[in-house]
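Residue numbers (our numbering), protein chains in the order written: chain A, 10 to 374; chain B, 436 to 581.
Written below as structure tokens is the structure these notes are about.
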Amino acid sequence: MYVAVKGGERAIDAAHAWLAEERRGDPAVPELSVAQIREQMTLAVNRVMAEGSLYDPDLAALAIKQARGDLIEAVFLIRAWRTTLPRFGASEPVDTGAMAVDRRISATFKDLPGGQVLGPTFDYTHRLLDFALAAEGEAPPAPTADVRDEPVPHVATLLNRDGLIEDEAPDDTPPPDLTRQPLELPASRALRLQALARGDEGFLLSLAYSTQRGYGRTHAFVGELRIGRVAVKVELPELGFAVEIGEVELTECESVNQFRGSKTEPPQFTRGYGLVMGQSERMALSMSLVDRALRWQELGEDFTGAPAQDEEFVISHCDNIQATGFLEHIKLPHYVDFQAELELVRRLRREALLAANPGAEEAAE
Amino acid sequence: MPNANETRKDWMAVLAKAPPGRLAALMPDPPPHEFLRAPEIGAVMLRGRIGGTGAAFNLGEMAVTRCSVRLGCGTVGHACVQGRDKDHARRAALADALMQTDAAAEIATSVLASLRNEAVAKRDARAAKAAATRVEFFTLVRGEDQ
Chain A
10 MYVAVKGGER AIDAAHAWLA EERRGDPAVP ELSVAQIREQ MTLAVNRVMA EGSLYDPDLA
70 ALAIKQARGD LIEAVFLIRA WRTTLPRFGA SEPVDTGAMA VDRRISATFK DLPGGQVLGP
130 TFDYTHRLLD FALAAEGEAP PAPTADVRDE PVPHVATLLN RDGLIEDEAP DDTPPPDLTR
190 QPLELPASRA LRLQALARGD EGFLLSLAYS TQRGYGRTHA FVGELRIGRV AVKVELPELG
250 FAVEIGEVEL TECESVNQFR GSKTEPPQFT RGYGLVMGQS ERMALSMSLV DRALRWQELG
310 EDFTGAPAQD EEFVISHCDN IQATGFLEHI KLPHYVDFQA ELELVRRLRR EALLAANPGA
370 EEAAE
Chain B
436 MPNANETRKD WMAVLAKAPP GRLAALMPDP PPHEFLRAPE IGAVMLRGRI GGTGAAFNLG
496 EMAVTRCSVR LGCGTVGHAC VQGRDKDHAR RAALADALMQ TDAAAEIATS VLASLRNEAV
556 AKRDARAAKA AATRVEFFTL VRGEDQ
């Protein structure tokens with residue numbers, strides 16, 4: 010039985026008005042602008058774009074402000090907004106080999122064409138709180154150096170010259186899109202990567218960590234991690250040719266994994282791939298490890314029962330909006346459901362008491 | 436005209452990637468025009484390739500704005516630009532139309548050249564900072580060298 014009830018409008022209005030007041034905080038403290046969030050909380054903005062699955066730094070910053078810094082709530086706002094947009098088409102696959110890199114490192118080769126470029130990284134900082142930042146000082150300008158005009162090829166191409174790593178041959182087949190078709194498992198690697206790219210960073214981090222600790226061990230090296238800007242090209246139907254319509258910042262990670270070979274594949278290195286919107290290094294790294302763990306079947310490896318190998322487990326639970334939607338709905342009124350459960354428990358207790366002590370019917374009531 | 440599309444591609448890219456405020460400053464007085472398609476906000480699905488070189492997959496969407504205009508002389512211009520700035524899309528479409536008219540030389544010098552130079556300067560400034568963080572390895576003296 011479903012019973013509709015009304016009421017609570019006044020309480021809800023008051024709750025939302027109070028929410029707006031609390032969001033603003035102490036009026037004596039200057040209000041944050043959306044531009045300040047975009048420019049100074051950049052990595053939070055990047056996370057909201059990646060998990061919201063929409064590249065728009067201004068909107069992500071607005072969502073963070075509206076959500077009072079609750080990033081999953083901000084992702085929710087972005088996901089809701091993107092459903093209102095007409096889809097104009099798809100870009101050509103971005104060329105990450107031609108990325109204008111801010112950062113590019115490899116943990117497998119010291120000397121490589123294009124060099125090791127650290128970029129604006131937290132690595133090698135001492136993780137000591139910097140109280141100077143509380144004093145609102147200006148940062149000194151970053152040093153510069155002469156730019157060497159040289160290509161920055163993918164590290165995998167270096168290994169591929171000797172056939173030591175599996176090849177990824179170009180394929181322009183339009184990929185499946187989980188925002189358009191219901192998810193069906195088993196999924197292709199392309200579909201899995203789409204799901205992981207918008208998956209929750211914390212969830213993917215834990216899964217990736219679990220593979221390192223032995224739950225579906227794949228022994229990953231960071232073949233390459235690069236962060237920078239790539240051009241976005243879209244074919245405009247009015248013109249019949251592809252045009253660059255913008256530029257996006259992406260983080261790409263390729264893990265290199267030991268592989269002893271199988272019935273169909275010779276011993277060689279295999280690859281896990283991560284590509285994430287914005288500067289989202291931990292997420293890209295996690296994605297590449299989870300991608301590799303999910304490929305056990307394709308590579309003829311054993312299924313050890315590890316969570317990171319379980320496609321249904323990973324893909325069905327990596328989306329934090331689905332997760333939080335289902336989780337949080339249980340705090341909404343379930344009065345009727347609970348009433349039914351209450352009746353059931355009372356009846357069972359009555360029956361159990363009667364069975365233990367026939368003739369005690371009055372006591373049970 | 437084998438390269439006709441190349442040049443148009445080139446200027447459309449410059450216009451699309453321009454900071455909206457700069458384009459507005461460089462084109463303060465847009466010529467009279469009518470909309471064939473009024474500025475419209477939508478999304479484009481960004482695609483990547485598995486392993487950087489392999490099969491295409493969907494990475495996520497990007498907000499874009501598109502617009503088509505017709506000048507008084509009948510020339511049509513199109514634009515599809517990153518972001519949600521309708522004025523950016525309108526001005527980019529207008530510049531695209533003007534580049535196909537006698538005004539091309541003027542737009543190329545007064546608008547496109549500045550945008551191009553500023554984009555290059557911005558890119559070079561970042562590249563120079565990245566270059567300063569490039570690691571130069573050196574090998575320490577080892578036991579067998581002594």
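Note that CB positions come from ideal geometry on N, CA and C, so glycine has one too.
May I have the straight-line CA-CA distance separating Ala-481(B) from Ala-317(A), to the nearest angstrom? Walking along the second sequence from the start, residue 481(B) turns up at place 46. Walking along the first sequence from the start, residue 317(A) turns up at place 308. The identity of residue 481(B) in the sequence shown is Leu, whereas the question assumes Ala. Roughly 26 Å between the two C-alpha positions.
Can you tell me which of the three DSSP states Tyr-64(A) falls into? Counting from 1 along the first sequence, the entry for residue 64(A) is found at position 55. Of the three classes helix, strand and coil, the one that applies to Tyr-64(A) here is strand, per DSSP.
State yes or no: is the C-beta of Met-534(B) within less than 8 Å of the C-beta of Gln-517(B)? For the purposes of this step, residue 534(B) is taken as the residue at position 99 of the second sequence. For the purposes of this step, residue 517(B) is taken as the residue at position 82 of the second sequence. No, the pair does not count as a contact, with Cβ atoms beyond the cut-off.
Cβ of Ser-100(A) within 8 Å of Cβ of Val-241(A)? Along the first sequence, one-based indexing puts residue 100(A) at 91. Along the first sequence, one-based indexing puts residue 241(A) at 232. Cβ distance < 8 Å, so Ser-100(A) and Val-241(A) count as in contact.
Considering Cα atoms alone, identify which of Val-161(A), Phe-140(A), His-135(A), Lys-272(A) is closest to Val-126(A). Taking the first sequence and counting its residues from 1, one reaches residue 126(A) at position 117. Comparing Cα positions, the closest option is Val-161(A).
What residues of chain A sit near Val-516(B), judged by a beta carbon separation below 9 Å? Here residue 516(B) is taken as the residue at index 81 of the second sequence, counted from 1. Result: Ile-254, Gly-255.
Between which two residues does the beta strand (DSSP E) holding Tyr-218(A) run? Walking along the first sequence from the start, residue 218(A) turns up at place 209. First-last for Tyr-218(A): 210-221, but that is the alpha helix (DSSP H), not the beta strand (DSSP E).
Beta-carbon contacts of Cys-508(B) that lie in its chain and below 7 Å, excluding the five residues immediately before and after: As a first step, residue 508(B) is located in the second sequence; it is residue number 73 there, counting from the start. Excluding sequence neighbours, Cys-508(B) sits near Thr-536.
Where Ala-373(A) sits in the DSSP three-state scheme: Position 364 of the first sequence, counting from 1, holds the residue named residue 373(A). The predicted model places Ala-373(A) with a pLDDT of 46, which falls under 50 and marks its position as unreliable; any figure quoted below should be read in that light. Correct three-state label for Ala-373(A): helix.
Confirm, please, whether the CB-CB distance from Cys-327(A) to Leu-213(A) is below 8 Å. The count along the first sequence starts at 1 and reaches residue 213(A) at position 204. The count along the first sequence starts at 1 and reaches residue 327(A) at position 318. Their beta carbons are under 8 Å apart, which means Leu-213(A) touches Cys-327(A) by this criterion.
Contacts of Ala-566(B) in chain A (Cβ-Cβ under 8 Å): Against the second sequence, residue 566(B) aligns to sequence position 131. What Ala-566(B) touches in chain A: Val-126, Thr-153, Ala-154, Asp-155, Val-156, Arg-157.
I'd like the span of the beta strand (DSSP E) that includes Ile-236(A), first residue to last. Counting from 1 along the first sequence, the entry for residue 236(A) is found at position 227. 229-245 is the span of the beta strand (DSSP E), which, as asked, contains Ile-236(A).
Report yes if the CB atom of Arg-501(B) is closer than 8 Å to the CB atom of Arg-525(B), and no otherwise. Within the second sequence, the letter at position 66 stands for residue 501(B). Within the second sequence, the letter at position 90 stands for residue 525(B). No, the pair does not count as a contact, with Cβ atoms beyond the cut-off.
Could you give the DSSP three-state label for Gln-318(A): helix, strand or coil? As a position in the first sequence, residue 318(A) is number 309, starting the count at 1. Helix.
Look up Gly-17(A) in the DSSP assignment and say whether it is helix, strand or coil. Locating residue 17(A) in the first sequence gives position 8, counting from the first residue. Looking at Gly-17(A) - three-state DSSP - the assignment turns out to be coil, as it is neither helix nor strand.
Check distances from the C-beta atoms of the region 444-456 of chain B to those of chain A and list, in chain order, the residues that come in under 7 Å. Lys-444, Met-447, Ala-448, Ala-451, Lys-452
Please list, in chain order, the chain A residues whose beta carbon lies closer than 7 Å to that of Phe-492(B). Numbered from its first residue, the second sequence carries residue 492(B) at position 57. Those are Pro-184, Ala-199, Leu-202, Gln-203, listed as they occur along chain A.
Give a yes or no on whether the C-beta atoms belonging to Arg-96(A) and Gly-477(B) are separated by under 8 Å. If you number the first sequence from 1, residue 96(A) lands on position 87. If you number the second sequence from 1, residue 477(B) lands on position 42. For Arg-96(A) and Gly-477(B), yes; Cβs fall inside 8 Å.
Between the region 118-135 of chain A and the region 150-168 of chain A, do at least 3 Cβ pairs fall closer than 8 Å? yes
Quick one: list the residues of chain B neighbouring Arg-226(A), beta-carbon separation under 7 Å, in chain order. As a working mapping, residue 226(A) is identified with position 217 in the first sequence. Within chain B, no residue comes near Arg-226(A); the closest Cβ sits about 21 Å away, beyond 7 Å.
Do we get a CB-CB distance below 8 Å when we pair Met-480(B) with the residues of chain A? Here residue 480(B) refers to the residue found at position 45 when the second sequence is read from its first residue. Chain A places a beta carbon closer than 8 Å to that of Met-480(B), counting this residue as a contact.
Tell me the DSSP secondary structure of Ala-538(B) in three-state form. Mapped onto the second sequence, residue 538(B) falls at position 103. Residue state, collapsed to three classes: coil.
Counting only C-beta atoms, is Ala-178(A) closer than 8 Å to chain B at any point? On the first sequence, position 169 is the one that residue 178(A) refers to. With 8 Å as the cut-off, Ala-178(A) counts as an interface residue toward chain B.
Kindly indicate the opening and closing residues of the beta strand (DSSP E) around Phe-492(B). Working through the second sequence from its first residue, we reach residue 492(B) at position 57. Where Phe-492(B) is concerned, the enclosing beta strand (DSSP E) stretches over 491-506.
Verify whether the separation of the beta carbon atoms of Gln-277(A) and Leu-173(A) is less than 8 Å. Translated into the one-based positions of the first sequence, residue 277(A) becomes position 268. Translated into the one-based positions of the first sequence, residue 173(A) becomes position 164. Yes.
Nearest candidate by alpha-carbon position, reference Ser-264(A), set Pro-246(A), Thr-273(A), Glu-274(A), Met-292(A): Numbered from its first residue, the first sequence carries residue 264(A) at position 255. Ranking the options by Cα distance to Ser-264(A), first place goes to Met-292(A).
Look at Ile-485(B) and Tyr-64(A) and say whether their C-beta atoms are less than 8 Å apart. Residue numbering aside, residue 485(B) sits at position 50 when the second sequence is read from its first letter. Residue numbering aside, residue 64(A) sits at position 55 when the first sequence is read from its first letter. Not in contact: Ile-485(B) and Tyr-64(A) (Cβ atoms no closer than 8 Å).
Please name the residue or residues paired with Asn-266(A) in a DSSP beta bridge. The residue you call residue 266(A) lines up with position 257 of the first sequence. Per DSSP, Ala-229(A), Thr-279(A).
What's the gap between the Cα of Pro-184(A) and the Cα of Leu-200(A)? Along the first sequence, read from residue 1 onward, the residue named residue 184(A) stands at position 175. Along the first sequence, read from residue 1 onward, the residue named residue 200(A) stands at position 191. A direct Cα-to-Cα measurement between Pro-184(A) and Leu-200(A) gives close to 7 Å.
Starting from Asp-111(A) and walking both ways along the beta strand (DSSP E), at which residues does that stretch end? On the first sequence, position 102 is the one that residue 111(A) refers to. Segment 109-114, the beta strand (DSSP E) holding Asp-111(A).
Under 8 Å between C-beta atoms, does Ile-485(B) make it to chain A? Against the second sequence, residue 485(B) aligns to sequence position 50. At least one chain A Cβ lies under 8 Å of Ile-485(B).
Mind checking Arg-189(A): buried by the 16 CB within 10 Å criterion, or exposed? The residue you call residue 189(A) lines up with position 180 of the first sequence. By the neighbour-count rule (16 or more Cβ atoms within 10 Å), Arg-189(A) is not buried but exposed.
Tell me whether the beta-carbon of Leu-216(A) lies closer than 8 Å to the beta-carbon of Val-323(A). Sequence index remark: in the first sequence, residue 216(A) carries index 207 (1-based). Sequence index remark: in the first sequence, residue 323(A) carries index 314 (1-based). Yes, the pair counts as a contact, with Cβ atoms nearer than the cut-off.
Reduced DSSP category for Thr-510(B) - H, G, I as helix; E, B as strand; rest coil: Here residue 510(B) corresponds to residue number 75 of the second sequence, with the count starting at 1. In the structure shown, Thr-510(B) sits in coil (DSSP, three-state: anything other than H, G, I, E or B).
Could you tell me the distance, in whole angstroms, from the CA atom of Glu-274(A) to the CA atom of Ala-565(B)? By 1-based counting over the first sequence, the position of residue 274(A) is 265. By 1-based counting over the second sequence, the position of residue 565(B) is 130. Computed Cα separation, rounded: 39 Å.
Name the chain A residues whose beta carbon is nearer than 8 Å to that of Met-497(B)? In the second sequence, the residue the question calls residue 497(B) occupies position 62. Those are Leu-63, Tyr-64, Asp-65, Ser-100, Val-241, Gly-255, Val-257, listed as they occur along chain A.
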